[in-house]
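> Residue numbers (full-length UniProt numbering): 1 to 397.
Even glycine gets a Cβ: it sits at the ideal position worked out from N, Cα and C.
Questions regarding the structure given below will be posed in turn.
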Amino acid sequence: MTLTVTPCHDRDEWDDLVNSSGGHPLQLWGWGELKSQYEWSADRVVVRDDARIVGSAQVLLRTLPQPFKSLAYVPRGPQAKEGDRGRVVEALADYVKRTHGPIGITIEPDWEAPFSPLEKGVSDEDLAERIAAPSSDWLADVEAAGYKRSENTGLIPRTLIVDVTRDEDTIMKELSSSTRQNVRKSFKAENVRFGLVTEQSDLDQVLAINKETAKRANFAVHSDLYHEQIRDFMGPASQLIAAWEGDEVVAFVWLVVSGRTAFELYGGVNPRGMKLRLNYGLKFWAMKHVKEQGVERYDFNGLLNDGISDFKRQFAKHEDMLVGTYDKALSPLFPVFATALPLVRTTLKRGLPAAKKTVADLKNDPKATLAGAASGARTKVDEARAKRSSQKWNSLD
Numbered sequence: 001m002t003l004t005v006t007p008c009h010d011r012d013e014w015d016d017l018v019n020s021s022g023g024h025p026l027q028l029w030g031w032g033e034l035k036s037q038y039e040w041s042a043d044r045v046v047v048r049d050d051a052r053i054v055g056s057a058q059v060l061l062r063t064l065p066q067p068f069k070s071l072a073y074v075p076r077g078p079q080a081k082e083g084d085r086g087r088v089v090e091a092l093a094d095y096v097k098r099t100h101g102p103i104g105i106t107i108e109p110d111w112e113a114p115f116s117p118l119e120k121g122v123s124d125e126d127l128a129e130r131i132a133a134p135s136s137d138w139l140a141d142v143e144a145a146g147y148k149r150s151e152n153t154g155l156i157p158r159t160l161i162v163d164v165t166r167d168e169d170t171i172m173k174e175l176s177s178s179t180r181q182n183v184r185k186s187f188k189a190e191n192v193r194f195g196l197v198t199e200q201s202d203l204d205q206v207l208a209i210n211k212e213t214a215k216r217a218n219f220a221v222h223s224d225l226y227h228e229q230i231r232d233f234m235g236p237a238s239q240l241i242a243a244w245e246g247d248e249v250v251a252f253v254w255l256v257v258s259g260r261t262a263f264e265l266y267g268g269v270n271p272r273g274m275k276l277r278l279n280y281g282l283k284f285w286a287m288k289h290v291k292e293q294g295v296e297r298y299d300f301n302g303l304l305n306d307g308i309s310d311f312k313r314q315f316a317k318h319e320d321m322l323v324g325t326y327d328k329a330l331s332p333l334f335p336v337f338a339t340a341l342p343l344v345r346t347t348l349k350r351g352l353p354a355a356k357k358t359v360a361d362l363k364n365d366p367k368a369t370l371a372g373a374a375s376g377a378r379t380k381v382d383e384a385r386a387k388r389s390s391q392k393w394n395s396l397d
C-alpha cells in the first residue's frame, strides 16, 4: 500500500510523537524553531500506512544560491522501525520533492550501524572496512530507495552512547580507574555543587567558559543570543548542567533531552574546574540526572582524534557508530552541489566573512565557482577531515 505523508502543525502532538517513537532531541519541535531563526525553515511530517503511523521526520530546509533552490536536511531522523525504514525514507523524499522542490535530501538518522557498538579505540582503517561490508536488510532497503552514503557529514556518526538504564555501580565500573577516582573526588570536594542552571548570571558565566574552551580547543562558537534561544525554544528539553565552586561556575555540559536520549550540545571547563577535576564529576552527575527522568541513552555527541574526544572515551569501554550521512539527489544539479559543499564548509571554518564571500561567488558565477570547487574537492575533503575538531559548521550552526 502507498504511504501517505502529511504535515503536523501542533507542537504538543509532534513532541509526543517524537518521544513515543524513541526520537532524538534534534527532532523535537523546539530545535526546528531555533533553526528557523537562522536561514532554515522546518516541515514536520508524519508517514502513515493507512491509519498506522510508520514514520515521522522534522525536515529542515535551507535556501541555496541560484541555480540551486534549497536543500532538505533531517538531523538525527527520521523516526521509523527497522522494517519500515526503506519505504519511509522513500516516501519522505517523494513528499519533499513534490512539496518543496529541493535539489536533494540529506538524512543523518539516529540509527545504529549494523556493527555498533565498537571496541574502544578501533582504528579508522578497521572502521572503514566495516562500513564497506555488506549492509543489513534495512540499510539495503534505504539504499534501494535511492539514498547513497556521503562523506559530507554534519553530525559525527562515530560517538559514545552510554546505556543509563543500568544501575549506577555498573555504569561506574565501565569508567577507567583514574576517571572513577576523579568522579568520586569531585563529589567530595568542599564548597562544590552540581545542578541545573536557572539564573541568567550563571548562564553568562557558562558562555564565558564556552568561549574560553573554544579558544583553547580551536573551534568556533555561536553568539550569546543563539545559546539563549536554545534555552527559550527548547524549553524543558534544554538542560544546562553546571558545577559550581561557591558562586562560581567552573564547568558545564549543555544537553538537549528527548524521552529516550540525552544529547550533549556543548561542554566546557575553566582552569579552576580542571584543577579540581570537576568536569569528571559533572559528566557522571549529568548521566544520573537524565537517568532519573527515564532517559535510556546518553550520547556524548561525536568522537574525533582530539583531546576532547580522549576525555569522552574515559567514560566507557566501547564506542558506538551510527549509520552516518545518506543523500538522495532530487535534481541533476545535486552532484555538483555535493562536490562544492566541502569548499563552503571549509570557508565556514575560516569564519563568517570567508563563508559569505563563497556564497556571494556562488550567486554571481555559480558555474565558475563550482568548477573550481570540483577541481580541488579531494584536497578540500582531506583538509576538512584533518581539522574536524573545529567541526561547528554543521547542523548546529
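For the beta strand (DSSP E) that THR261 lies in, which residues bound it at each end?
261–269 is the extent of the beta strand (DSSP E) around THR261.
> Are the CB atoms of LYS283 and PHE252 nearer to each other than 8 Å?
No; because the gap between Cβ atoms is not below 8 Å, this pair is not in contact.
> For ASP254, list the residues DSSP reports as bridge partners.
It should be pointed out that residue 254 corresponds to Trp in this sequence rather than to Asp. Paired residues: LEU240, TYR266.
> Looking at C-alpha atoms only, which residue of ALA214, VAL164, THR179 is the closest neighbour of ALA286?
Out of ALA214, VAL164, THR179, VAL164 has the C-alpha closest to the C-alpha of ALA286.
> Identify which residue in SER21, VAL256, SER116, VAL122 has its Cα closest to the Cα of LEU34.
Taking only the C-alpha atoms, the option nearest LEU34 is VAL256.
> Assuming the contact rule is C-beta atoms closer than 8 Å, SER258 and GLY55 should be a hit. Round their C-beta distance to whole Å, please.
Wrong, their Cβ atoms sit about 16 Å apart, outside the cutoff.
> Three or more beta-carbon pairs under 8 Å between the region 187–200 and the region 237–247, yes or no?
Counting Cβ pairs under 8 Å, three or more are found: they touch.
> Helix, strand or coil: which one does DSSP assign to PHE68?
Correct three-state label for PHE68: coil.
> Check for me: the alpha helix (DSSP H) holding ASP12 runs from which residue to which?
Taken as a continuous stretch (DSSP letters only), the alpha helix (DSSP H) holding ASP12 covers 11–20.
> Helix, strand or coil: which one does DSSP assign to ALA57?
ALA57 falls in the strand class under three-state DSSP.
> Work out the CA separation of GLY246 and GLY273 for me, nearest whole Å.
Taking the straight line from one Cα to the other gives about 12 Å.
> Would the beta-carbon of VAL162 fall within 8 Å of that of VAL206?
No.
> DSSP state of HIS318, grouped into three classes?
Three-state DSSP puts HIS318 in a strand.
> DSSP on LYS148, reduced to helix/strand/coil?
If DSSP states are grouped into helix, strand and coil, LYS148 belongs with the strands.
> Taking the straight line between their C-alpha atoms, what separation do you get for GLU108 and ARG76?
The alpha-carbon atoms of GLU108 and ARG76 are separated by roughly 5 Å.
> Leaving out the 5 sequence neighbours to the left and right, which residues in its chain are closer than 7 Å to ARG277 when beta-carbon positions are compared?
For ARG277, where only same-chain residues beyond five positions count, the Cβ hits under 7 Å are ASN182, LYS185, SER186.
> Where does TRP111 fall in DSSP's three states?
The answer is coil: DSSP assigns TRP111 none of H, G, I, E or B.
> Within the continuous beta strand (DSSP E) that includes VAL162, where are the two ends?
Counting along the chain, the beta strand (DSSP E) containing VAL162 begins and ends at 161–163.
> Under three-state DSSP, which class holds THR198?
THR198: coil per DSSP, three-state reduction.
> Please report the straight-line C-alpha distance between PRO114 and GLY146, rounded to a whole angstrom.
If I take the Cα positions, the gap works out to 19 Å.
> When we look at the beta-carbon of SER178 and count the other beta-carbons within 10 Å, is it buried (16 or more) or exposed?
By the 10 Å Cβ count, SER178 comes out exposed.
> Can you tell me whether DSSP reads VAL295 as helix, strand or coil?
If DSSP states are grouped into helix, strand and coil, VAL295 belongs with coil.
> Judging by CA-CA distance, which residue of VAL59, VAL5, ALA51, ILE53 is the nearest neighbour of TRP31?
Of the candidates VAL59, VAL5, ALA51, ILE53, the one whose C-alpha sits nearest the C-alpha of TRP31 is VAL59.
> Would you give the residue range spanned by the beta strand (DSSP E) that SER41 belongs to?
That run of the beta strand (DSSP E) goes 40–49.
> Is the beta carbon of ALA72 sitting closer than 8 Å to the one on HIS100?
Closer than 8 Å, so yes.
> Return the Cβ separation of LEU304 and GLU319 in integer angstroms, given the expectation that the two are a contact with Cβ distance under 8 Å.
In fact, because the Cβ distance is near 12 Å, the residues do not count as touching under 8 Å.
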